[in-house]
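Under my numbering, the first residue of the sequence shown is numbered 43, with each subsequent residue one higher.
Built from N, CA and C at the ideal position, the CB exists for glycine as well.
Working notes, beginning with the structure itself.
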Amino acid sequence: MKVALISQNASPGLMIFRKDFIEYLVLAGHDVFLFAIDYSELTRSLVEDMGAIAVDYSLSKTGITPFKDIKDTWLLSRKLKELKVDVTFSFFIKPSIYGTIAAKIASVPRRIAMLEGLGYIHS
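Spelled out as C-alpha cells, the structure:
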C-alpha cells in the first residue's frame with residue numbers, strides 16, 4: 043500500500059513525534075511518502091534513512107492566500123495522483139484541510155486528517 047503523510051514542515055519535531063509511526067509503516071511493507079514544505083539536507087536524509095521517500099510540496103504556513111492555496115492544493119493533488127497513493131494521513135491545520143481536499147480531487151480512497159492542540163489563538 044502507498045501511504046502519504048502530509049505535514050506542514052520537516053522540522054526535527056516531525057522526526058521526534060512521527061518517527062515510530064513512519065518506521066512501523068515501512069516495516070509493514072508500505073511505500074511511505076512524507077510530504078513537507080521545508081526539507082533541509084539533514085531531514086531529507088533522516089527520512090530516507092528510515093526507508094521513506096521525502097517529497098517536496100508548496101503550501102503557505104500562515105495566512106489566507108486563496109489563489110495560492112487553490113493552486114497549491116491542485117499541485118498537491120497531481121502529485122498524489124501521480125504517485126497513486128492509497129491512503130493520506132495529514133496533520134497540522136492547513137495540511138489537514140488542503141491535503142484532504144487534494145486527496146479527494148486525486149481520488150485517494152482513504153483520507154485521514156488529525157488536528158492536534160488548542161491552536162495558535164490559545165497558545
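- Close CB contacts of M57 within its chain, under the 6 Å cut and outside five residues either way in sequence, are with L88 (chain order).
- Counting only runs of 4+ residues, the alpha helix (DSSP H) found wholly inside the stretch 53–91 occupies 54–69, 83–91, in chain order.
- The DSSP-derived three-state label of I139 is helix.
- Ranked by Cα distance from I147, the options S138, W116, F134 are led by W116.
- When the beta-carbon positions are compared, L122 and A144 come within less than 8 Å of each other.
- Going by C-alpha positions, V68 is about 12 Å away from A46.
- DSSP places K103 in no beta strand (DSSP E); its state is neither H nor E.
- Residue burial annotation: A70 is exposed, with fewer than 16 other C-beta atoms found within 10 angstroms of its C-beta.
- Rounded to the nearest whole angstrom, the C-alpha separation of A96 and E90 is 7 Å.
- When beta bridges are read from the DSSP output, S132 appears opposite I48, A155.
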